[in-house]
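*Asks:*
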Amino acid sequence: MTGPGNQSQSKLVRWIDHRLPIFTFMQHELHDYPTPRNLSYWWNFGSLAGIMLVIMIVTGIFLAMQYTPYSPLAFDSVERIMRDVNYGWLMRYIHMNGASFFFMVVYIHIFRGLYYGSYKEPRELLWMLGVVILLLMMATAFMGYVLPWGQMSFWGATVITNLFSAIPVVGHAIVAWLWGGFAVANPTLNRFYSLHYLLPFVIVGVVVLHLVALHQHGSNNPLGIDRKGPQDSIPFHPYYTIKDMFGLSVLLIVYALFVFYMPNALGDTQNYVQANPLQTPPEIVPEWYFLPFYAILRSVPDILFIPAKLAGVLCLFGAIGVLFVLPWLDTSRVRSARFRPVYKWVFWLLVADVVALGICGAHRPEGWYITTGRIATLYYFIHFIVLLPVIGWLERPLPLPTSISAAVTRKGGAALAGAAPSMEKH
Amino acid sequence: MAETAQPRPMDAHTQDSATRRDFLQIAATALTGIGAAIAVWPLIDSMNAAQDTLAAGAPLDVDISHLQPGQQIVVLWRSKPIFIVNRSAAELQTLQEPQVAGLLRDPQSEVEQQPPYAQNWHRSIKPGLLVLVGICTHLGCIPEFKPAPGGDLGAAWPGGYFCPCHGSRYDLAGRVFSGVPAPYNLPVPPYTFISDAVVRIGENPPGSSFDLDSVVQL
Amino acid sequence: MRAPVLAAAGLALAALAAAPALAQEQPSIPTQSWSFDGPFGTFDRAAAQRGFQVYEEVCSRCHSMNLLHYRDLEGIGYDGAQIAAIAANHQVTDGPNDQGQMYQRPGRPSDAFVAPFPNEQAARVALNGALPPDLSLIIKARADSSLTKDIGGGADYVDALLQGFKEPPAGMTMAANMNYNEYFPGNQIAMPQPLHGDDVQYGDGTKATLPQEAHDVATFLAWASEPMMEERKRTGAKVLIFLLAMAGVLYAAKRQIWADVH
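Protein chains in written order, with the working numbering: chain B, 1 to 426; chain V, 1 to 218; chain Y, 1 to 262.
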């Protein structure tokens, strides 16, 4: 172990490190941390998600200094941020579009995990912690969307909290408890504000666990095979720090295009109308990142003795719940879809299915959209519950490469030992 | 940062490419750092006074036509109490007595706690009308208006302001007494007369410029 | 990998194409060219000032703009004295005074635009039960969601609506006190045609035709919805230039560092 203690110039660093080994920790987890040498740009999205979380928390804290969580004033206080607070418009647009970009990054991160089998042994808990993060993100985003107290804030909150009324017996009591009154109103706004401030820090906590689990076995890689030795890995720093930084700069360019040139393109125009409990907007549509789930919610008909409303709610939560047990539903021992000729197709079908769900979610559930929504919902669950186990049994995977280095370098692993100093010292 | 003590296979590279490597990595680190630093500014600036706050600090017109000699009114300007006092002839007389001046720390108002047009024995534009920022120069409490001489503040009390927090005393021109915690006279804000009946707080008389932020202690 | 991607994309596209086009009863809203379009667009100050005049003399009889302050008018080129004069033209309710009464005083630059009605009920009782929406954010509240149009979409709509009043088509029964407008969703709007041309006398000599007035008022309202748009776009240009430079340098550094590995 080459800790900084024996090579550092600074006595102060050594003094601190002897008592609080943060420098050793950073050396170990950032610098020496052995990472597969063949990670593609799809592996950037994990760190990008982390950076998005930081951006959201930082802008959120400064916005909270100006925001008033009181229903008669909330809408105007957001507009005061936009008009009167120095750079308020910038912070608000960064935060508002940041939610979309956070979800976009995380969705890509999740689909990357699905494609390359990153949820498989020994990374099941890593994956499940990720699903917890997704759930927390959804709750946080939903409650944050209520805070500007526009029409879509109010009616979105009304519709989504009413989901819980589908629960038999206690449903209505739960909804009244969520509201703190007879309907979505000021008490609801207040508690959503409190929780919207709290949950991001809970997410930070789960992210730390996610990283601990990640560093236990290291990253999966596009080949899905384990690292076999030093020649398969390179130190995280500087190789992946620089690659992540470059990826970040690309993300920020796209992000900036939205923030500065089409800041409201991803939002709903109705949210620039103050909440009015006496008038429902013509269509209640959630933000784009909830559309597939919204489509599932609305597509489900009565199932046997379960009424459609309850069935929709069950399927909505089931759609995320199924991700928790995914590591045990996929019976294939090959991780990467590169070597799974059948799963590869099914994966892209799932992507198309989710996109189709999103499109259905954006439209009124009428005619064609109902049919498509139902088929797409059904297929979503078939994918996880039927196709994944069956394909795992029946599929004949392609032969796996013997090692990462053999697969990714022309000269094979032999030439590498010198080129990339291995830090694998476990 | 990127170049650590770890051995790198530099033999194959010329000195040239090593220099280029250093330059690129330093440039990348520097640009990232500069970008992060610039991004912090909007956050900091957002905590400065917002446009509506600044606009609400615009000059304030106060009707003083009903203010009788010996009376004080207090108005709020920029979230600060502003004392406006119509001083009686007797009170103005007291201000000029030498034994009162002997009790004061800065009887001539030499420290810049007032605009130039109020740097006189009565610390005001018109001798009768006093305008003060009613905030103790010690630690920011609001002094009480005690215009009557004597009483529970002692036989020598000439009338003025008494701060309940730590006992600082000022006379009826806002001049601080010696031997009290407050170090400076009460500040005089910029003000001007629109008419005999209306005084405008926060605006200087024509031809003067004075910013309340320039006083020594507010 | 390519074949499945294409197949999936094809499926998604098929899903989109098969979506029945929702029957559009309204004619589509004509797309206008606005001074504030595009990445370097700015608000045409003269048009916005004319639009403000139309608002003051016509729209403000019924429509409030509660989020705006007279001081904000600096953004469309009025100077301090002009703003003070405009504000002083309005009577603002202030108080309570020493007698405990509310009182009227001339407006100040820091005051919000004075609303035509003290509350919703007063507006409804005066206007046959209709409630004229506040216009502060009307452009953003009506903007279509197309990705690149920014606030131009809402301005197109307002411009079209103001010129969209027509006789109802034969056979259409109008509800009481409703007016036919070809661009209004449902075609029945409570607002009677507000502008007919020559409703105001423009100080700069521009002829106050109906299209001119509609265009000017839409420009003014677009500014009112998003007064920070010019600063936003200017800042965006600087940020993007910086980010592009940063991305270039980071990419070069990444290539350098990874040169050993490939």
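Built from N, CA and C at the ideal position, the CB exists for glycine as well.
Predicted, not measured: the structure shown is a model, and the values here were computed from it.
Please report how far the alpha carbon of B/His31 lies from the alpha carbon of B/His237, in whole angstroms.
*Replies:* Spanning the two alpha carbons is a distance of roughly 5 Å.
*Asks:* Measure the CB-CB distance between B/Met82 and B/Arg92 and report whether it falls below 8 Å.
*Replies:* Contact flag set, yes.
*Asks:* Provide the residue span of the beta strand (DSSP E) that contains Y/Thr93, from first to last.
*Replies:* Residues 91-94.
*Asks:* Closer than 8 Å between beta carbons: that is the criterion. Which residues of the stretch 83-102 of chain B meet it against chain V?
*Replies:* Correct list: Arg83, Asp84, Val85, Asn86, Tyr87, Gly88, Leu90, Met91.
*Asks:* Output needed for V/Asp61: all residues of its chain with C-beta closer than 7 Å, excluding positions within five of it in sequence on either side, in chain order.
*Replies:* Taken in chain order, the residues that qualify are Ile194, Val198, Arg200.
*Asks:* Within the continuous beta strand (DSSP E) that includes V/Leu132, where are the two ends?
*Replies:* Note, V/Leu132: beta strand (DSSP E), 129-133.
*Asks:* What's the call for B/Val207, buried or exposed, on a 16-neighbour Cβ count within 10 Å?
*Replies:* Buried.
*Asks:* Is it buried or exposed, B/Arg298, if we count other Cβ atoms within 10 angstroms and call 16 or more buried?
*Replies:* Counting Cβ neighbours within 10 Å, B/Arg298 comes out buried, since at least 16 surround it.
*Asks:* Alpha carbon to alpha carbon, how far is B/Val78 from B/Leu189?
*Replies:* C-alpha separation (whole angstroms): 14 Å.
*Asks:* What do you get for V/Asn48, buried or exposed, if any count of 16 or more other CB atoms within 10 angstroms of its CB means buried?
*Replies:* Exposed, by the Cβ-count rule.
*Asks:* So, for B/Lys11: in the same chain, excluding its five sequence neighbours on each side, which residues have a beta-carbon less than 8 Å away from its beta-carbon?
*Replies:* Once the five neighbours on either side are set aside, B/Lys11 has no close Cβ partner at all.
*Asks:* What's the C-alpha gap between Y/Arg232 and Y/Leu73?
*Replies:* About 18 Å.
*Asks:* Along the beta strand (DSSP E) that carries Y/Gly321, what are the first and last residues, could you check?
*Replies:* Only positions 1 to 262 of chain Y appear in this structure, which leaves residue 321 of chain Y out of reach.
*Asks:* Going by beta carbon distance, what residues of the same chain come within less than 7 Å of B/Arg364, once the five residues before and after it are set aside?
*Replies:* The answer, listed in chain order, is Glu283.
*Asks:* Nearest by alpha-carbon distance to B/Asp353: which of B/Gly367, B/Thr377, B/Arg335 is it?
*Replies:* Of B/Gly367, B/Thr377, B/Arg335, the residue nearest in Cα terms is B/Thr377.
*Asks:* For a cutoff of 8 Å on Cβ pairs, would you count V/Thr32 as touching chain Y?
*Replies:* So yes, V/Thr32 belongs to the interface.
*Asks:* Hey, B/Gly247 and B/Asn44 are a contact pair by Cβ (cut 8 Å); roughly how many whole angstroms apart?
*Replies:* Yes, they are in contact, since the Cβ atoms of B/Gly247 and B/Asn44 sit about 4 Å apart, within 8 Å.
*Asks:* Could you name each continuous alpha helix (DSSP H) segment of 4 residues or more that falls completely within the stretch 321-375 of chain B, going from the start of the chain to the end?
*Replies:* Runs of the alpha helix (DSSP H) inside the stretch 321-375 of chain B: 326-329, 341-361.
*Asks:* Do you know offhand how far Y/Ala23's Cα is from Y/Ala160's?
*Replies:* Note that Y/Ala23 has pLDDT 40, beneath the 50 cutoff, so the model's placement of it is unreliable and no number is given.
*Asks:* Quick one: Cα of V/Pro183 to Cα of V/Gln99, how far?
*Replies:* Using only the alpha carbons, I get a separation of about 20 Å.
*Asks:* Residues in the same chain with beta-carbon distance under 8 Å from B/Ile306, minus the five sequence neighbours each way, listed in chain order, please.
*Replies:* If we look at B/Ile306 and ignore the five residues flanking it on each side, its Cβ neighbours are Leu314.
*Asks:* Please report the residue range of the beta strand (DSSP E) in which B/Phe182 lies.
*Replies:* Unbroken run through B/Phe182: none, as it is neither H nor E.
*Asks:* Can you grab the Cα-Cα spacing for the pair V/Gln93 / V/Asp171, in whole Å?
*Replies:* Straight-line Cα distance between these residues: approximately 12 Å.
*Asks:* Hey, would you say Y/Lys166 sits closer than 8 Å to Y/Ile151, going by beta carbons?
*Replies:* In this structure, Y/Ile151 does not lie closer than 8 Å to Y/Lys166 by Cβ.
*Asks:* Would you report the Cα separation of V/Ile44 and V/Ala27, rounded to the nearest angstrom?
*Replies:* Roughly 26 Å between the two C-alpha positions.
*Asks:* Strictly by DSSP, which residues pair up with Y/Tyr103?
*Replies:* Y/Asp94, per the DSSP bridge assignment.
*Asks:* Secondary structure at V/Gln72, three-state DSSP: helix, strand or coil?
*Replies:* Three-state result, V/Gln72: strand.
*Asks:* Just list the residues that DSSP pairs V/Phe177 with in beta bridges.
*Replies:* According to DSSP, V/Phe177 bridges with V/Leu104.
*Asks:* Pick helix, strand or coil for Y/Phe165, following the three-state DSSP scheme.
*Replies:* In the structure shown, Y/Phe165 sits in a strand (DSSP, three-state: E or B).
*Asks:* Grouping DSSP H, G and I as helix and E and B as strand, with all else coil, what is Y/Arg142?
*Replies:* Y/Arg142 falls in the helix class under three-state DSSP.
*Asks:* Does any C-beta atom of chain V lie closer than 8 Å to the C-beta of B/Val58?
*Replies:* Yes, B/Val58 lies at the interface with chain V (some Cβ there is under 8 Å from its Cβ).
*Asks:* Might you give, ordered along the chain, the residues of its own chain that have their beta carbon closer than 8 Å to the beta carbon of Y/Val261, omitting 5 neighbours on each side?
*Replies:* Counting only Cβ-Cβ distances below 8 Å, and skipping sequence neighbours, we find nothing.
*Asks:* Determine, using beta carbons only, whether V/Ala37 comes closer than 8 Å to chain B.
*Replies:* Not one chain B Cβ lies under 8 Å of V/Ala37.
*Asks:* Distance check for B/Asn276 and B/Phe154, CA to CA, integer angstroms please.
*Replies:* One C-alpha to the other measures close to 8 Å.
*Asks:* B/Val204 to B/Ser403, Cα distance in whole Å?
*Replies:* Going by the C-alpha atoms only, they are around 35 Å apart.
*Asks:* If you count every other CB in all the chains shown that lies within 10 Å of the CB of V/Ile84, and 16 or more means buried, which is it?
*Replies:* V/Ile84 is buried by the Cβ-count criterion.
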